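Report on the following structure.
Protein chains: 2
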Amino acid sequence: MSVFRYAGRTARMENPIIRQLLKLGQREGVISLAGGIPAAETFPISEIAEGAQRALARWGSGALQYSPTEGLAPLRAYIARRRGVAPEQVLVTSGSQQGLDLIGRVFLDEGDAVLVERPTYMGALQAWNVYDARYREVPTDAEGLVPEALPEDQVKLAYVLPNFQNPTGSLLPEARRGAVVAWARERSVLVVEDDPYGHLYFDAAPPASLQSRWPEGVLYLGTFSKIVAPGLRMGYVIGPEEVIHALAQAKQAADLHSQAYGQAILAELAEAGVIERQEARTRELYRQRAERMLKLLEAHMPAGVRWVPPHGGMFVWLTLPEGVDTLALFERAVEAGVAYVPGPVFAANGGLENALRLTFVSVPEAQMEEGVRRLAAVLEAALAARA
Amino acid sequence: MSVFRYAGRTARMENPIIRQLLKLGQREGVISLAGGIPAAETFPISEIAEGAQRALARWGSGALQYSPTEGLAPLRAYIARRRGVAPEQVLVTSGSQQGLDLIGRVFLDEGDAVLVERPTYMGALQAWNVYDARYREVPTDAEGLVPEALPEDQVKLAYVLPNFQNPTGSLLPEARRGAVVAWARERSVLVVEDDPYGHLYFDAAPPASLQSRWPEGVLYLGTFSKIVAPGLRMGYVIGPEEVIHALAQAKQAADLHSQAYGQAILAELAEAGVIERQEARTRELYRQRAERMLKLLEAHMPAGVRWVPPHGGMFVWLTLPEGVDTLALFERAVEAGVAYVPGPVFAANGGLENALRLTFVSVPEAQMEEGVRRLAAVLEAALAARA
Numbered sequence: 382m383s384v385f386r387y388a389g390r391t392a393r394m395e396n397p398i399i400r401q402l403l404k405l406g407q408r409e410g411v412i413s414l415a416g417g418i419p420a421a422e423t424f425p426i427s428e429i430a431e432g433a434q435r436a437l438a439r440w441g442s443g444a445l446q447y448s449p450t451e452g453l454a455p456l457r458a459y460i461a462r463r464r465g466v467a468p469e470q471v472l473v474t475s476g477s478q479q480g481l482d483l484i485g486r487v488f489l490d491e492g493d494a495v496l497v498e499r500p501t502y503m504g505a506l507q508a509w510n511v512y513d514a515r516y517r518e519v520p521t522d523a524e525g526l527v528p529e530a531l532p533e534d535q536v537k538l539a540y541v542l543p544n545f546q547n548p549t550g551s552l553l554p555e556a557r558r559g560a561v562v563a564w565a566r567e568r569s570v571l572v573v574e575d576d577p578y579g580h581l582y583f584d585a586a587p588p589a590s591l592q593s594r595w596p597e598g599v600l601y602l603g604t605f606s607k608i609v610a611p612g613l614r615m616g617y618v619i620g621p622e623e624v625i626h627a628l629a630q631a632k633q634a635a636d637l638h639s640q641a642y643g644q645a646i647l648a649e650l651a652e653a654g655v656i657e658r659q660e661a662r663t664r665e666l667y668r669q670r671a672e673r674m675l676k677l678l679e680a681h682m683p684a685g686v687r688w689v690p691p692h693g694g695m696f697v698w699l700t701l702p703e704g705v706d707t708l709a710l711f712e713r714a715v716e717a718g719v720a721y722v723p724g725p726v727f728a729a730n731g732g733l734e735n736a737l738r739l740t741f742v743s744v745p746e747a748q749m750e751e752g753v754r755r756l757a758a759v760l761e762a763a764l765a766a767r768a
Numbered sequence: 382m383s384v385f386r387y388a389g390r391t392a393r394m395e396n397p398i399i400r401q402l403l404k405l406g407q408r409e410g411v412i413s414l415a416g417g418i419p420a421a422e423t424f425p426i427s428e429i430a431e432g433a434q435r436a437l438a439r440w441g442s443g444a445l446q447y448s449p450t451e452g453l454a455p456l457r458a459y460i461a462r463r464r465g466v467a468p469e470q471v472l473v474t475s476g477s478q479q480g481l482d483l484i485g486r487v488f489l490d491e492g493d494a495v496l497v498e499r500p501t502y503m504g505a506l507q508a509w510n511v512y513d514a515r516y517r518e519v520p521t522d523a524e525g526l527v528p529e530a531l532p533e534d535q536v537k538l539a540y541v542l543p544n545f546q547n548p549t550g551s552l553l554p555e556a557r558r559g560a561v562v563a564w565a566r567e568r569s570v571l572v573v574e575d576d577p578y579g580h581l582y583f584d585a586a587p588p589a590s591l592q593s594r595w596p597e598g599v600l601y602l603g604t605f606s607k608i609v610a611p612g613l614r615m616g617y618v619i620g621p622e623e624v625i626h627a628l629a630q631a632k633q634a635a636d637l638h639s640q641a642y643g644q645a646i647l648a649e650l651a652e653a654g655v656i657e658r659q660e661a662r663t664r665e666l667y668r669q670r671a672e673r674m675l676k677l678l679e680a681h682m683p684a685g686v687r688w689v690p691p692h693g694g695m696f697v698w699l700t701l702p703e704g705v706d707t708l709a710l711f712e713r714a715v716e717a718g719v720a721y722v723p724g725p726v727f728a729a730n731g732g733l734e735n736a737l738r739l740t741f742v743s744v745p746e747a748q749m750e751e752g753v754r755r756l757a758a759v760l761e762a763a764l765a766a767r768a
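Line by line, the protein sequences are chains A and B.
Heads up: take any position in the first sequence, counting from 1, add 381, and you land on our numbering.
Heads up: take any position in the second sequence, counting from 1, add 381, and you land on our numbering.
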């Protein structure tokens, strides 16, 4: 008998496809349009260095001791002020990923149905596979989730990315937000609103959040990863106090609390106005890069490849004619020196082979054109072979 | 129908007793001998401030970007060197608590039997209650777990704290270590060796770890919380590569990775020799405080109260005659201005009312005597009432 007799859920945590892709995409000479990471040149390194000193000067050992599971008071207060809620409605988490895990832990029984967009963020699927969720997909179009396609049958929770969705980049319009909330409210469906990219708009700020429309039924996930730096691992969940309490109990068993020092540093950055400056600075940089990427796609992509210009965020989603398989094509692309994320990675129940995700933020500017050219050539050959 | 329909496991996460105790114990004027936290005056604040600068100067945005789930390379290398294993056998976690959670996640199916000491660390119970573990308790005496009492029937994993156990402070002797490993090996029982206090010895270093005796069957949990600072939330699991891989998959779904900046800071402290200096400094301080506490107990405790002088760690465990209920007594103690942790908190399956845990490290030195006096008076009254 083996000493290591794994639990049933462990088999569901493996994702060999993604791991294989990551490994392949890191080959020397490959231009990666596959990343889901922010542009490192936006990180406020010197401000963080100063914040790290000020936090210790102000808090002393208080920034280094065990601290409340819910989060450090000044950081909770800042988040609450920005989101227009009470501090007691805020739970600081180790990135949004932990928020997804804790929500799964607290709400999902084996086999519970979770509504997700098609396509959706793979990290949420990874988090909830642990709790043996079943996925009910709702189709999306250029404007995100299609409310008319929301199911009649009961689901336990609905997971929505209204702002510059990952992977499609779509922005859910005002009317659809109202429709989603009306659908959920009518059925008492808990809504999880994941918003890592809301501050990264290129022209106008997004419409009001789902949470502001139905505070009693929506849990809102925010993060500092895309605005300050992901290596700080700081995100938050906002919801009714009752739910924040349950999530905090779950967090206590998971890791006691998020790093106190990092929270104190972020509180210093918040006080110094660094976070708002970062938002403005990052969205301007990403706007320029998106513009450039869209011009390059226009210039190089073969006929039959379609995309919707994003109005914010980090990604553009390419759709190819049916029959093109971006998963099968991936190795050829890497041989041609370019990497992307194949559509199936974002499909809760399989499919989406004829789509792929590109980032425009983390690819070095000098490589973007060459990357798009290489990808265009690979797709052109695939389309020709198919014809 | 409520929007918030919690999962079955959520009810198991609540621990109203502990919360109630914590709240009571924080009353103004109460001397807390209840803490499980290190002495804040040991935290190397200026070294951390320097490390925080050096980490950014050396790593730049690399200390702030998404980073490998397994941990930053230089920190893994340091831990591996100290523990005499390969870096691939190390997973950096957000404190030992996350190690416990990940182990539960990867190994425990509903109803699996976990062997724990009686008494044992409550945080492990909190972590594994989430996965609906059942507990099989093994008795302990002055030298820790009693090998002769290890069960014949099968358990999924065995959780052992060999060094200056929490809550008893006991140190498992050489021969018992061999016996535990032989028992586990014979039955293919996975052993989880939790070692937060091993560096905090007062005279000699503890005997070799269980892991060094059976690397193929023991997962070792270490932490920087008691030596550097708990607010950094940095711990680690050491085990066979196969298991580290499974735990890393689980961690990816839980929080992607532990804070990169904190890892980079710890790597700087390691390189500068700060960690070893902290070990020496902290054990000397705690040795003095333990000595003082033991003298005070000798001087003030009424007959019938017994304890075993600890040879390291942070705690001393008091046993009272049967019939004294430390849980029922807690409110009276708080009224008398002193707090402790009642025995039942450490009992996986209930009981242990006639015991309590005291810390000697986090109580201000000026308050230690008065705290012990107050507690002695409360216990004396309880013993008199019982007689």
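The beta carbon of each residue, even a glycine, is placed where N, CA and C say it ideally should be.
Computed from a prediction, not measured in an experiment: that's the story for all the values here.
Whose Cβ in chain B lies nearer than 7 angstroms to the Cβ of residue i?
i, result
"Asp576/A", "Correct list: empty, because the minimum Cβ distance to chain B is about 17 angstroms."
"Ser448/A", "Gly612"
"Ser442/A", "Ala421, Phe424, Ile426"
"Ser475/A", "Ser475, Asp636"
"Tyr642/A", "Gly612, Leu613, Gly643"
"Arg479/A", "Per the sequence shown, residue 479/A should be read as Gln rather than Arg. Residues of chain B passing the Cβ test: Ala635, Asp636."
Quick one: what's got a C-beta closer than 7 angstroms to residue i's C-beta in the same chain, skipping five residues either side?
i, result
"Val686/A", "Leu699, Leu701, Leu760"
"Leu526/A", "Glu498, Val519, Val541, Leu553, Arg557, Val561"
"Leu708/B", "Pro723, Pro725, Glu734"
"Val655/B", "Pro425, Glu428"
"Leu437/B", "Ala444"
Would residue i pass as a contact of residue j if the rule is Cβ separation under 8 angstroms?
i, j, result
"Gly776/A", "Met674/A", "Lying outside 382 to 768, the shown extent of chain A, residue 776/A is not represented and no answer is given."
"Ile508/A", "Leu538/A", "For the record, residue 508/A in the displayed sequence is Ala; it is not Ile. For Ala508/A and Leu538/A, no; Cβs fall outside 8 angstroms."
"Val572/A", "Tyr667/A", "no"
"Gln447/B", "Leu581/B", "Note on residue identity: the sequence assigns Tyr, not Gln, to residue 447/B. The answer is no: Cβ separation not under 8 angstroms."
"Ala523/B", "Val689/B", "yes"
"Glu660/B", "Ile608/B", "yes"
"Thr740/B", "Gly416/B", "yes"
"His692/B", "Asp575/B", "no"
"Pro577/A", "Ser477/A", "yes"
"Ala505/A", "Leu489/A", "no"
In chain A, what lies closer than 9 angstroms to residue i by C-beta?
i, result
"Thr391/B", "Arg486, Val487, Phe488, Ala627, Gln630, Ala631"
Applying a beta-carbon distance threshold of less than 8 angstroms, which residues of chain A neighbour residue i?
i, result
"Ser383/B", "Ser569"
"Ile418/B", "Gln446, Tyr447"
Count the other CB atoms, across all protein chains shown, that sit within 10 Å of the CB of residue i; report buried if there are 16 or more and exposed otherwise.
i, result
"Pro725/A", "buried"
"Arg767/A", "exposed"
"Asn547/B", "buried"
"Glu769/A", "What is shown of chain A runs 382 to 768, which leaves residue 769/A out entirely."
"Arg713/B", "exposed"
"Asn730/A", "exposed"
Just to make sure I have the definition right: I need the residues of chain B whose C-beta is within less than 8 angstroms of the C-beta of residue i. Which are they?
i, result
"Glu623/A", "Phe385"
"Lys537/A", "Arg386"
"Glu395/A", "Gln630"
"Asp534/A", "Under the 8 angstroms cutoff, chain B gives no residues; its nearest Cβ is about 14 angstroms from Asp534/A."
Name the chain B residues that come within less than 9 angstroms of residue i, Cβ to Cβ?
i, result
"Leu437/A", "Ile426, Ser427, Ile429, Ala430, Ala433"
"Asp482/A", "Ala634, Ala635, Asp636"
In the DSSP output, what is residue i paired with across the bridge?
i, result
"Tyr516/B", "Val495/B"
"Tyr617/A", "Val473/A, Gly603/A"
"Glu574/A", "Val541/A, Tyr601/A"
"Arg738/A", "Trp698/A, Val722/A"
"Trp688/B", "Leu699/B"
"Thr521/B", "Leu526/B"
Within the same chain, show all residues whose beta-carbon is closer than 6 angstroms to that of residue i, passing over the 5 residues directly before and after it, in chain order.
i, result
"Arg400/B", "none"
"Glu451/A", "Leu472, Ala629"
"Gly704/A", "Arg767"
"Gly612/A", "none"
Between residue i and the rest of its own chain, which residues show a CB-CB distance below 8 angstroms, the 5 nearest in sequence each way excluded?
i, result
"Thr521/A", "Glu498, Arg499, Pro500, Val527, Gln546, Thr549, Ser551"
So with CB distances below 7 angstroms, who are the chain A contacts of residue i?
i, result
"Leu553/B", "Near Leu553/B there are no residues of chain A at all, since even the closest Cβ is about 20 angstroms away, more than 7 angstroms."
Are there any heavy atoms of the ligand NAP lying less than 7 angstroms away from the beta-carbon of residue i, as far as the coordinates show?
i, result
"Arg662/B", "The model on display carries no ligand, and the ligand NAP is accordingly not part of it."
Legend entry - Against chain C: residues of the stretch 506-522 of chain B by CB proximity under 8 angstroms: Of the protein chains in this structure, namely A and B, none is chain C.
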